[in-house]
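Peer 1: At position 35 of the sequence shown (counting the first as 1) the number is 35 in the UniProt record's numbering, and the numbers step up by one without a gap. Even glycine gets a Cβ: it sits at the ideal position worked out from N, Cα and C.
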Amino acid sequence: MDDRIHEHARTLVDWSARIEAGDDVVVAVEDGAHELAVAVAEQLGDRGANLLSTYQSDELTRAYLNAHDGSFTENPEYELALYEQADSVLFLKGSRNTTETAGVDSDRRQAYSTARQEIREARLDTEWVSTQHPTRAMAQQAGMAYADYKDFVYDATLRDWEALAEEQARLKEILDDGEKVRIVADGTDITLFIDGRIAVNSAASVAYDSHNLPSGEVFTAPYDTAGVVTFDVPMTIQGRRVKNVEMTFKDGVVVDWSAEQGESVIDDIIGTDGGSRQLGELGIGMNRGVDRVTDNILFDEKMGGTVHLALGRAYDACLPEGESGNDSAVHEDLITTMGEGSRLEVDGEVIQRNGLFRWEDGFEG
């Protein structure tokens, strides 16, 4: 086994999930992540944690949804109980076919997602972490040779997370003190209102309210939005290709949208429920180890020189105690490149220009 797999597992268990002896841990293993699962199991055993593994497969999901009549039982108690009793849930992603669910009926997919909202909330109430094991399917989707893709994944994942956390703390402080964020880029001029909200220093550890490995972003939850944004980073969403999405916001709600490709996917997301027409997240990528677009949201949204906005659910970590944010059955990220001529302003002050923060070499004031 590649030594980097063992290092990945140690980082996940120790830095990211902070697993301790006696913790009840659910490990959800996608069909291509077997090697990482073995390494994680070894780490959990070494720490005296309790392990229960589940098998995840897009092919299995596709078969189930296509065969079902669409009348799903709401939040089956046996599954809800599993997550309500768990201390941590580790999601080990590793798809063998990234478009396996492309043919699933969108109405049935939405019905399934809506019927499991309490289960999703129970998972999110644990110390959960999601990570990615490199597979040939993911390499192919990224347009890379498998060996090169593995190097990319581990360069993005096996980082000095403490150092990155210190850098990201600068941006968190600015956003925590800020009231208004303006993003200007090619086809984008949008303003997001964030006063009173909390920015999360997403440094790949539950200790920072961060639940992705790799991570490398600072995110918050805007309560109002106005303007136009173009999401120019191509993505695969629900097994379908989406490209060059343009959205117009007024009074915090999407009022118009279009896409060069995959517009029906955006229609489905926005039409999910009342909350899916609003933003639940503003995220700013800061992981310079993610140096290219790979058509994988876990990596792409963390890339330095990008911002992403998510339609749907807002994370509780961004909300003051007692305040509820945008609620939805979906949380779908879309990405904008902060390239030449772009700027990110907080309360009128330029924090980033041409993709570089003001504390980075090459920043032009």
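Given a cut-off of 8 Å, decide if residue 101 and residue 238 are closer than it, judged by their beta-carbon atoms.
Peer 2: The answer is yes: Cβ separation under 8 Å.
Peer 1: What are the residues that DSSP puts in a beta bridge with residue 28?
Peer 2: Residue 28 pairs with 54, 91.
Peer 1: Which word fits residue 16, buried or exposed, when buried means at least 16 other C-beta atoms lie within 10 angstroms of its C-beta?
Peer 2: With 16 or more other Cβ atoms within 10 Å, it is buried.
Peer 1: Between which two residues does the alpha helix (DSSP H) harbouring residue 140 extend?
Peer 2: Counting along the chain, the alpha helix (DSSP H) containing residue 140 begins and ends at 136 to 142.
Peer 1: What residue range is occupied by the uninterrupted beta strand (DSSP E) comprising residue 224?
Peer 2: Start and end: 224 to 231.
Peer 1: Tell me which same chain residues have a C-beta within less than 7 Å of the C-beta of residue 82, skipping the five on either side of it?
Peer 2: Excluding sequence neighbours, residue 82 sits near 26.
Peer 1: Around the C-beta of residue 55, are 16 or more other C-beta atoms found within 10 angstroms, so that it is buried, or is it exposed?
Peer 2: Residue 55 is exposed by the Cβ-count criterion.
Peer 1: I believe residue 339 touches residue 246 by the beta-carbon criterion, under 8 Å. Please report the beta-carbon distance rounded to the nearest angstrom.
Peer 2: Between residue 246 and residue 339 the Cβ distance is about 17 Å, and since that is not below 8 Å, they are no contact.
Peer 1: Closer than 6 Å by C-beta to residue 241: which residues in its own chain qualify, once you throw out the five before and the five after it? Chain order, please.
Peer 2: Cβ neighbours of residue 241 beyond the five flanking positions: 261, 262.
Peer 1: Return the bridge partner residues of residue 285 from the DSSP annotation.
Peer 2: Answer by DSSP bridge pairing, in chain order: 217.
Peer 1: Please list the terminal residues of the continuous beta strand (DSSP E) segment that includes residue 352.
Peer 2: From DSSP, the beta strand (DSSP E) with residue 352 extends over 349 to 353.
Peer 1: Name, in chain order, the residues that DSSP records as bridge partners for residue 360.
Peer 2: None; residue 360 has no bridge partner.
Peer 1: Assign residue 337 to one of three DSSP states: helix, strand, or coil.
Peer 2: In the structure shown, residue 337 sits in a strand (DSSP, three-state: E or B).
Peer 1: Report the CB separation of residue 35 from residue 133 in whole angstroms; it is logged as a contact under 8 Å.
Peer 2: Sure, about 7 Å apart at Cβ, within 8 Å.
Peer 1: Mapping DSSP to helix, strand and coil, what is residue 343?
Peer 2: Looking at residue 343 - three-state DSSP - the assignment turns out to be strand.
Peer 1: At what residues does the alpha helix (DSSP H) containing residue 272 begin and finish?
Peer 2: It is not in any alpha helix (DSSP H) - residue 272 carries neither H nor E in the DSSP assignment.
Peer 1: Mapping DSSP to helix, strand and coil, what is residue 193?
Peer 2: Three-state DSSP puts residue 193 in a strand.
Peer 1: Over the uninterrupted beta strand (DSSP E) stretch that includes residue 256, give me the two end residues.
Peer 2: Per DSSP, residue 256 belongs to the beta strand (DSSP E) from 253 to 261.
Peer 1: Within 10 angstroms of the Cβ of residue 161, are there 16 or more other Cβ atoms? Answer buried if so, exposed if not.
Peer 2: Residue 161 should be labelled buried.
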